[in-house]
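*Asks:*
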Amino acid sequence: MHQYARYFERFRQLAHTRPLQELLPAEQLEQFRADVVSENAGFQTGPKGELEIERDIRTKIDNFHLEIFARTQTETTKRWTYESEIKRPYFHVTELDNQQLANWRKYLDFEEAEGDYTRAIFLYERCLVTCAFYDEFWFRYARWMSSKERKEEEVRNIYQRASTLYVPISRPGIRLQYAYFEEMTGRVDVARDIHQAILDRMPGHVETIISWANLERRHKGLNAAIEVYKAQIASAELDIYSKAAFVVEWAFLLWKIQGSVDEGRQVFQKNKQWYPESRHFWTKYVEFELAQPTNSASEAEHHERLKQIHSDMIKTSMRLETKKEISNLYLVYLRERGSKETMKEFLQIDRELNGPVSVQPDYVKATELGKATENGTIPGVVDTASLLKGEVRYTTYFQQRKQPMTVDPQGLASFH
1 MHQYARYFER FRQLAHTRPL QELLPAEQLE QFRADVVSEN AGFQTGPKGE
51 LEIERDIRTK IDNFHLEIFA RTQTETTKRW TYESEIKRPY FHVTELDNQQ
101 LANWRKYLDF EEAEGDYTRA IFLYERCLVT CAFYDEFWFR YARWMSSKER
151 KEEEVRNIYQ RASTLYVPIS RPGIRLQYAY FEEMTGRVDV ARDIHQAILD
201 RMPGHVETII SWANLERRHK GLNAAIEVYK AQIASAELDI YSKAAFVVEW
251 AFLLWKIQGS VDEGRQVFQK NKQWYPESRH FWTKYVEFEL AQPTNSASEA
301 EHHERLKQIH SDMIKTSMRL ETKKEISNLY LVYLRERGSK ETMKEFLQID
351 RELNGPVSVQ PDYVKATELG KATENGTIPG VVDTASLLKG EVRYTTYFQQ
401 RKQPMTVDPQ GLASFH
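The numbers in our numbering rise by one with no breaks, and the one at position 357 of the sequence shown is 357.
1. Check glutamate 239 in the structure and name its three-state DSSP category.
2. Using alpha carbons as the reference points, say which of Ile194, Val188, Met313 lies closest to serine 163.
3. Residues in its own chain within less than 8 Å of serine 339 by CB, not counting five upstream and five downstream?
4. Relative to the C-alpha of cysteine 131, which candidate in Asn98, Glu249, Pro356 has its C-alpha closest?
5. How close, in whole Å, do the beta carbons of isoleucine 226 and leucine 253 come, if the pair is a contact with beta carbons under 8 Å?
6. With 16 other CB atoms within 10 Å as the buried threshold, where does glycine 370 fall?
7. Per the DSSP calculation, leucine 331 is bridged to which residue(s)?
8. DSSP state of glutamate 154, grouped into three classes?
9. Between which two residues does the alpha helix (DSSP H) carrying phenylalanine 69 extend?
10. Check whether the Cβ atoms of lysine 490 and tyrosine 285 lie closer than 8 Å to each other.
11. Look up glutamate 374 in the DSSP assignment and say whether it is helix, strand or coil.
12. Taking the alpha-carbon of proline 25 as reference, which of Phe64, Glu111, Ile349, Lys324 has the nearest alpha-carbon?
13. Is it right to say leucine 128 is buried, meaning 16 or more other beta carbons lie within 10 angstroms of its own, or is it exposed?
14. Keeping to the same chain, check which residues put their C-beta closer than 8 Å to that of threonine 74; ignore five residues upstream and five downstream.
15. I need the DSSP call for leucine 412, collapsed to helix, strand or coil.
16. Given this structure, state the Cα-to-Cα distance separating glutamate 85 from valine 188, to the nearest angstrom.
17. Go through its chain and collect everything with a Cβ distance to lysine 324's Cβ below 8 Å, but skip five positions before and after it.
18. Since aspartate 97 sits in a beta bridge, which residues does DSSP pair it with?
19. Which word fits histidine 16, buried or exposed, when buried means at least 16 other C-beta atoms lie within 10 angstroms of its C-beta?
20. Buried or exposed: serine 317, going by 16 or more other Cβ atoms within 10 Å of its Cβ?
21. Return yes when the Cβ of isoleucine 174 is within less than 8 Å of the Cβ of tryptophan 138, no when it is not.
22. Under a Cβ-count criterion, where at least 16 other Cβ atoms within 10 Å of its own Cβ denotes burial, should tyrosine 141 be classed as buried or exposed?
23. Alanine 224 lies in the alpha helix (DSSP H); which residues open and close that run?
24. Quick one: is glycine 145 buried, meaning 16 or more other Cβ sit within 10 Å of its Cβ, or exposed?
25. Where does glutamate 277 land, buried or exposed, given buried means 16+ other C-beta within 10 angstroms?
26. Looking at C-alpha atoms only, which residue of Arg319, Ile158, Phe69 is the closest neighbour of phenylalanine 181?
27. Which class does phenylalanine 181 belong to by DSSP, given the choice of helix, strand or coil?
28. For proline 172, count neighbouring C-beta atoms within 10 Å of its own C-beta (all shown protein chains included) and say buried if the count is 16 or more, exposed if not.
29. Residues in its own chain within less than 6 Å of valine 36 by CB, not counting five upstream and five downstream?
30. For proline 203 versus glutamate 153, is the C-beta distance shorter than 8 Å?
31. Closest to alanine 213 by CA distance: which of Gly186, Thr342, Val247, Thr185 is it?
32. Please state if the CB of isoleucine 240 and the CB of tryptophan 274 are separated by a distance shorter than 8 Å.
33. For the alpha helix (DSSP H) holding tyrosine 124, just list the boundary residues, first then last.
34. Please go through the same chain and pick out, in chain order, the residues whose beta-carbon is closer than 8 Å to the beta-carbon of leucine 290, but skip the five residues on each side of it.
35. Identify whether threonine 342 lies in helix, strand or coil by the three-state DSSP scheme.
36. How big is the Cα-Cα spacing for lysine 243 and arginine 126?
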């Protein structure tokens, strides 16, 4: 890009020796000739010869090209800060550093602000040669394009390229966004097929199944969504940690969509025995009960429900830190909504979970210290790998895509 001035000077030198027909399109050349003839008509010295006319035409052509060069120089200068920072203008399977991604983001911001549609398209396509594996730029391109009038097919093309060629299936966020786009355009069957294609390669992927269930809910009703969850929970191929997430979604649908708190509560109560190591299940179970409105007449019953949930949770095999985290929800409830008798319970729980080992109950000691019983095992404690799976926090793509506050500019930017 920085060679344009040298190329232009060579072109100007060469232009003096080339026929006029090679220097301009025929229509523009005729316009210049007509202008020269018209200008000469006002002189009393008589018409100019062909050589003089050609000389004047060449002068106009040179001035015309100089104007183009000046505009090019101005536009190049405005972009040079960004262009000079592009270190890898080609595709490669290795990661880019954070500084490179930041430069592309700023460059795209600049070009969009300039308002030239063609230039913005060109820059996006250049960017995606280099950043094809970074789905954030595919998302950005599709969102930007969708803001333009009558660009549905162009948006579809962006999603298809990202989904079928570049972004790995292990990062299905762009595919789910593509499904939402097709649903928006009325192609619900295509949206279903996209979900199924993801699940063919990633069976049991929680976010995709939840997205699929909500697709069915929007178009076929609540029962269709629940059937999706029931089928996944009954599947022998899925682990219990994924199933726990679907039980939670099932209960929340009954509560928030159908408006049936009792049915949602029954789903939690009937399934709690199957998911003793799932942080997600127990956290959402507590949050479910905390969210229910109460009054002076029902507060005691509400307290008993939460107390029982906490009692069941604290005896599970989850790590002590996880139990403390979930217990804190209950402790906040006791402080802020409990009666005058609840401080005794509050301090007891605080002592058992946060006190020294000498005052902790046996189930807390076992969880924290890993003490073995006479036969060398602790009843109810599962292996480390299972515990780690149970610790998973289920988040959506958009929750995961938050940019860190500080990054090392020279550090590599992960594709994930």
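From the three backbone atoms N, C-alpha and C, an ideal C-beta is built for every residue, glycine too. Computed from a predicted model, the values in this text were never measured in an experiment.
*Replies:* According to the structure data:
1. The sequence shown places aspartate at residue 239, not glutamate. Aspartate 239: coil per DSSP, three-state reduction.
2. Ile194
3. Glu299, Ala300, His303
4. Asn98
5. 6 Å
6. Confidence in glycine 370 is poor, its pLDDT being 48 and thus under 50, which makes the residue's placement too unreliable to answer from.
7. Leucine 331 is not bridged to any residue.
8. helix
9. 50-83
10. Since the first and last residues shown for the chain are 1 and 416, residue 490 lies out of range.
11. Residue placement at glutamate 374 is poorly supported in this model, since its pLDDT is 39, which falls under 50; the coordinates still yield a value, given next. Coil at glutamate 374, not helix or strand.
12. Phe64
13. buried
14. none
15. strand
16. 43 Å
17. Leu353, Asn354
18. Leu412
19. exposed
20. buried
21. yes
22. buried
23. 222-234
24. Correcting the residue type first, residue 145 is methionine in the shown sequence and not glycine. Answer is buried; the Cβ neighbour count reaches 16.
25. buried
26. Ile158
27. helix
28. buried
29. Ile53, Asp56, Ile57
30. no
31. Val247
32. yes
33. 117-130
34. Leu306, Leu329, Tyr333
35. helix
36. 43 Å
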